[in-house]
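Asker: The structure that follows is given in the form of structure tokens.
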Ligand code: ADP
Ligand code: MG
């Protein structure tokens, strides 16, 4: 595995806010990473630090295993961290050619990248006539002109209508399928679920979860269970090796499974202990529930 970016114990303190608090994670080539967290959780600050536009307070980050200086490494990074800004009275193609000149690269990729983001037919339209979604797509084309190793996007679908959101997500998937590593920040759970393979969940600058998106939602699940004798039920459940946390809420008991145990196994186990259940359902936790659990827990 090739490590594109490695972040270790990163901290950023503003005057009153600990915006990034001991954040560590690695980005491996070919994966799509989401930094997921509510507004103000430190996503943009983290991206700003690794892109050298925000100064870190402490900790380290290293691009491409430290083989290049940060400024050399950043030439292999395509990033959009602000609202797309191009010259309004220049066409799409003229704007991209200007970017090529600034980056010191030839014009040969311009049409290819316009096609990738679905703007080839509009290449001769002025930037000012573009919708926000088209502007965002042009920014993606621009960031890809030098075929970067990694594309970094901060809230790529903010402010777009549903169709615009859909188009951007499809483009991200196409870029990822071509092998470009992607790191995107989003406060939208379903965005991360739809486009990312890996996720770092941030809350107030602290990592609550970091790992595969599918692993986050594929815990063993939990049981919703009830019986006339709740006390006996809870005590029997807590003796079972495959059951973790047991909570009683809204008149029902929830037991988190720590092993792959079926509802019928539990039913038999309880019956043998003389407990008859009046309600028993096994459920998997969705990513959304996991996310809410994580963020709720950390508030306490
Ligand atoms: P996100 O991108 O997840 O919404 P940010 O990284 O923008 O979060 O902000 C994280 C925290 O740091 C917030 O509390 C924000 O108010 C604070 N913050 C961000 N930039 C500055 C700054 N330049 N000066 C002071 N506080 C800042
Ligand atoms: Mg932000």
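Residue numbers (UniProt numbering): 1 to 300.
Idealized CB from N, CA, C, for every residue including glycine.
Exposed or buried, residue 156, counting other C-beta atoms within 10 Å across all chains shown (16 or more means buried)?
Answerer: Under this definition residue 156 is a buried residue.
Asker: Is residue 185 near the ligand MG, with its Cβ less than 8 Å from a heavy atom?
Answerer: Checking the Cβ of residue 185 against the ligand MG gives yes.
Asker: Just mark residue 37 as buried or exposed, buried being the case when its beta carbon has 16 or more other beta carbons within 10 Å.
Answerer: So residue 37 ends up on the buried side.
Asker: By DSSP, does residue 199 sit in helix, in strand, or in coil?
Answerer: Strand at residue 199.
Asker: If you reduce the DSSP assignment to three classes, tell me which class residue 130 lands in.
Answerer: If DSSP states are grouped into helix, strand and coil, residue 130 belongs with coil.
Asker: With a cut-off of 8 Å on the beta carbons, I'd call residue 12 and residue 20 a contact; round off their distance for me.
Answerer: 4 Å between Cβ atoms; contact.
Asker: Can you tell me the Cα-Cα spacing of residue 17 and residue 276, whole angstroms?
Answerer: Taking the straight line joining both Cα atoms gives about 52 Å.
Asker: Quick one: what does DSSP say residue 260 is sitting in, helix, strand or coil?
Answerer: Coil, per DSSP.
Asker: Spell out a yes or no on whether the segment 54 to 71 and the segment 104 to 116 are touching, meaning 3 or more CB-CB pairs, one atom from each, closer than 8 Å.
Answerer: Cβ pair count under 8 Å is below three, so no.
Asker: If you check the beta carbons only, do residue 176 and residue 50 fall under 9 Å apart?
Answerer: Going by C-beta atoms, residue 176 is not nearer than 9 Å to residue 50.
Asker: Over the uninterrupted beta strand (DSSP E) stretch that includes residue 77, give me the two end residues.
Answerer: Residues 77 to 80.
Asker: Quick check: is any heavy atom of the ligand ADP less than 8 Å from the C-beta of residue 45?
Answerer: Under cutoff, so the answer is yes.
Asker: Residue 71 by DSSP, collapsed to three states: which one?
Answerer: It is helical.
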